[in-house]
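Residue numbers (my numbering), protein chains in the order written: chain A, 6 to 482; chain B, 4 to 221.
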């Protein structure tokens with residue numbers, strides 16, 4: 006059973022029960038009060054009658070004849086004729102003035118302990134309800150009883166009518182309460198419905214689903230918590246998906262990078278061994294095999310570097326950056342100049358904890374990327390490469406700026422992924438495997454630093470490496 | 004002669020495939036990227052396209068759609084070798100799916116099979132001056148007279164016809180014709196080739212290559 010119906014039925018049942026109990030008790034109390042009034046009126050009449058009858062008997066005597074003659078006597082009180090009868094202790098009627106309704110026998114046997122006191126009894130015959138009262142009358146040592154009655158059918162009748170009226174009222178009330186509860190429950194439980202639908206949609210994979218929160222009660226808070234949870238969930242799932250995608254892409258790219266040179270090597274070797282080839286064809290085939298073999302070798306070397314990086318435990322040594330950068334620049338400048346690229350090195354003095362060989366790998370990779378990105382601007386002049394080192398707060402900043410072709414904005418976020426190449430055929434032609442930046446990122450991470458890449462297409466690229474711990478807080482490292 | 008377009012961004016592989024297919028008598032053209040391939044397909048009709056999937060500019064899947072609209076059969080020639088990739092390629096409507104690295108013999112056989120299936124090649128292969136093979140009815144004729152060959156002998160003949168002037172290694176022959184891994188017993192291959200050679204009178208043209216296998220010289 007749904008919570009909605011449980012709530013609804015519960016509310017209606019409780020309301021109906023409370024109303025009917027209250028109504029019943031109220032009507033019953035009213036009825037009892039009415040009955041008590043009737044009884045006291047009956048007793049009053051009984052008193053009046055007793056007084057009258059006892060005087061009458063004092064005059065006439067209490068012989069049976071005298072009593073019989075009283076049959077006809079009418080006792081009036083307040084202008085109304087009152088019926089009475091006299092009975093003996095066994096219930097035999099001694100006299101009856103004819104105004105008392107049946108039953109014909111006396112009521113004494115029904116009343117107990119009446120010797121001294123009076124009592125009353127309610128009789129019913131069909132619809133009719135009659136109240137009888139009896140009180141003892143001691144005459145010449147003999148006890149006889151005076152009985153009188155009052156018709157209380159009306160009292161009972163009105164109670165039934167009230168019950169009937171109350172039942173109708175109760176029905177209407179229940180319907181009203183039912184309607185109101187229905188509306189109220191629907192409003193109160195709406196957040197639950199929304200929550201449930203959202204949960205189902207999230208379970209079905211729509212991780213962006215959120216619940217609208219428009220109350221600040223417990224359900225509202227639950228909805229907010231739910232949203233927070235969904236946020237975290239979709240974030241985590243997003244991260245996992247991204248990690249999986251990266252891994253798949255790594256494996257896929259790796260397979261591709263391995264298979265492409267292998268295809269050439271196997272294919273040309275097959276050609277050489279099974280066909281008569283011209284010397285030119287033979288040289289070309291062998292050349293391809295050689296080149297592709299070298300490519301595989303380069304790939305395996307870079308991969309090994311990456312694997313070793315993950316395994317190796319290396320120490321960071323204090324490295325005087327200005328000397329290090331100048332030395333690196335001196336080594337690279339002639340090679341770059343041969344391709345028409347001018348390398349400028351500007352380095353501020355600082356001692357930074359670093360692994361010299363790894364840091365050199367990073368900078369050589371970055372310089373190499375800059376070199377490959379150069380577009381011929383004029384005859385013999387390719388462009389400028391700038392290698393800067395400067396002290397910054399809490400560390401040292403290395404920066405390689407080129408005036409090359411730049412990287413398209415939509416590719417920027419992926420270029421540090423292994424095997425990712427912006428221009429594949431160009432990268433291959435230049436001997437790239439798409440591992441350089443991935444390797445750099447890894448090395449910089451191992452130094453506890455960060456790497457940023459900014460680029461404007463057509464203008465150039467600037468790679469900034471932030472290393473922790475400058476000359477000042479060297480001791481802390 | 005069938006015209007084949009090779010869409011492949013790796014120059015060495017394209018060169019290799021062109022050499023192999025050229026030797027087998029096909030006319031080949033090379034497109035180094037997807038855009039160029041589409042241009043060439045638009046410019047002239049091709050009987051078959053050998054398509055790399057990871058191509059610059061337009062990838063192989065896009066080109067496949069284009070080829071389908073031109074009703075040009077496509078064989079994927081790719082390094083993507085997962086089951087999903089194969090199924091995807093074939094579902095999209097490629098005639099065949101060859102993964103790198105591949106063997107030239109296998110490439111030639113598959114190219115020929117696809118061309119035959121789509122009806123782009125003649126039903127009759129001929130080995131001048133006297134032998135003809137009707138690939139549809141699998142009947143071999145010498146001087147117009149049918150020659151009874153066993154199924155394996157027929158497959159062997161077909162293999163040599165597809166690889167004229169190429170030395171075929173015994174283990175490769177065994178694996179292609181018998182479809183099983185070669186376990187070093189070459190007598191089966193030798194026996195079948197000798198019987199087939201004798202039936203067709205090819206003793207002087209289907210020659211043994213020392214320590215390698217056999218070559219059909221034309």
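Positions of the beta carbon are idealized from the N, C-alpha and C atoms, including for glycine.
Remember, predicted model here, so these are calculated numbers, not experimental data.
Assigned secondary structure, residue 266 (chain A) (DSSP; H/G/I helix, E/B strand, else coil)
helix
Beta-carbon spacing of residue 408 (chain A), residue 388 (chain A) below 7 Å
Judged by their CB atoms, residue 408 (chain A) and residue 388 (chain A) are nearer to each other than the 7 Å cut-off.
If we count the other Cβ atoms within 10 Å of its Cβ and call it buried at 16 or more, is residue 166 (chain B) buried or exposed?
Its Cβ being crowded by 16 or more others within 10 Å, residue 166 (chain B) is buried.
Less than 8 Å between the CB atoms is what I'm expecting for residue 411 (chain A) and residue 473 (chain A), so what's the real figure, rounded?
Their Cβ separation, rounded to whole angstroms, is 29 Å, which puts residue 411 (chain A) and residue 473 (chain A) out of contact at 8 Å.
Report the start-end ranges of each beta strand (DSSP E) in the region 30 to 84 of chain B that is 3 residues or longer and not cut off at the edges.
The region 30 to 84 of chain B contains these whole beta strand (DSSP E) runs: 30 to 34, 51 to 54 and 77 to 81.
On the premise that residue 69 (chain B) lies in contact with residue 41 (chain B), defined as a C-beta separation below 8 Å, what is that separation, rounded to the nearest angstrom?
Approximately 6 Å separates the beta-carbon atoms of residue 41 (chain B) and residue 69 (chain B); this is inside 8 Å, confirming the contact.
Determine, for residue 206 (chain A), whether the minimum Cβ-Cβ distance to residues of chain B falls below 7 Å.
So no, residue 206 (chain A) is outside the interface.
Going straight from the alpha carbon of residue 9 (chain B) to that of residue 106 (chain B), what length do you get?
16 Å
Does any CB atom of chain B fall closer than 7 Å to the CB of residue 412 (chain A)?
Output row for residue 412 (chain A): interface = no.
Can you pull the chain B residues whose beta carbon is under 8 Å from the beta carbon of residue 276 (chain A), in chain order?
19, 22, 23 and 107
What does residue 265 (chain A) touch in chain B if you count any residue whose Cβ is under 8 Å from its own?
13, 16, 82 and 103
Can you tell me the Cβ-Cβ gap for residue 282 (chain A) and residue 276 (chain A), rounded? I've got them flagged as a contact below 8 Å.
7 Å
Contacts around residue 346 (chain A), its chain only, beta-carbon distance under 7 Å, and the 5 residues preceding and following it disregarded:
376, 379, 387, 388 and 390
Which residues in chain A have a C-beta closer than 8 Å to the C-beta of residue 193 (chain B)? List them in chain order.
Per Cβ cutoff of 8 Å: no residues; residue 193 (chain B) is ~18 Å from chain A at best.
Which of helix, strand or coil does DSSP assign to residue 281 (chain A)?
coil
Could you pull the DSSP bridge partners for residue 209 (chain B) from this structure?
Answer is B:219.
Helix, strand or coil, according to DSSP, for residue 17 (chain B) in the structure here?
DSSP places residue 17 (chain B) in helix when its eight states are reduced to three.
Residues near residue 421 (chain A) by beta carbon distance below 7 Å, same chain, minus five either side
442, 443 and 446
Chain A contact for residue 169 (chain B) (CB, 7 Å cutoff)
yes
Just confirm the distance between the C-beta atoms of residue 33 (chain B) and residue 17 (chain B), as a whole number of angstroms; I'd bet it's less than 8 Å.
Right, the Cβ-Cβ distance comes to about 5 Å (below 8 Å), so this counts as a contact.
8 Å contact criterion, which residue 214 (chain A) and residue 206 (chain A) should meet: CB distance rounded:
Indeed they touch by this definition, with Cβ atoms about 4 Å apart.
Counting only beta-carbon atoms, is residue 419 (chain A) nearer than 7 Å to chain B?
no
Near-chain A residues of the region 53 to 69 of chain B (beta-carbon distance less than 8 Å), N- to C-terminal order
57 and 59
Taking residue 131 (chain A) as the reference, which of A:161, A:148, A:139 and A:153 has the closest Cα?
A:161
From residue 92 (chain B) to residue 137 (chain B), what does the alpha carbon distance come to, in whole angstroms?
31 Å
Residue 180 (chain B) and residue 206 (chain B): beta carbons closer than 7 Å?
In this structure, residue 206 (chain B) does not lie closer than 7 Å to residue 180 (chain B) by Cβ.
Determine, for residue 380 (chain A), whether the minimum Cβ-Cβ distance to residues of chain B falls below 7 Å.
no
DSSP three-state assignment for residue 154 (chain A), whether helix, strand or coil
strand
Does the distance from the C-beta atom of residue 154 (chain A) to that of residue 168 (chain A) stay below 7 Å?
no
I'd like the list of long-range same chain contacts for residue 263 (chain A), defined as Cβ closer than 8 Å, with 5 residues on each side in sequence excluded.
301 and 304
Given residue 220 (chain A) as reference, the closest of A:197, A:212, A:209 and A:165 once Cα atoms are compared
Of A:197, A:212, A:209 and A:165, the residue nearest in Cα terms is A:197.
Measuring only the C-alpha atoms, how far is residue 518 (chain A) from residue 164 (chain A)?
Residue 518 (chain A) is absent from the model: chain A starts at 6 and stops at 482.
Do we get a CB-CB distance below 7 Å when we pair residue 246 (chain A) with the residues of chain B?
No, because no Cβ of chain B sits closer than 7 Å to the Cβ of residue 246 (chain A).
Using a Cβ-Cβ cut-off of 7 Å (strictly less than) and excluding sequence neighbours within five positions of residue 293 (chain A), which residues of its own chain qualify?
269 and 273
Could you tell me whether any Cβ in chain C is nearer than 7 Å to the Cβ of residue 287 (chain A)?
Among the protein chains in the structure shown, which are A and B, there is no chain C.
According to DSSP, what are the bridge partners of residue 148 (chain B)?
B:145
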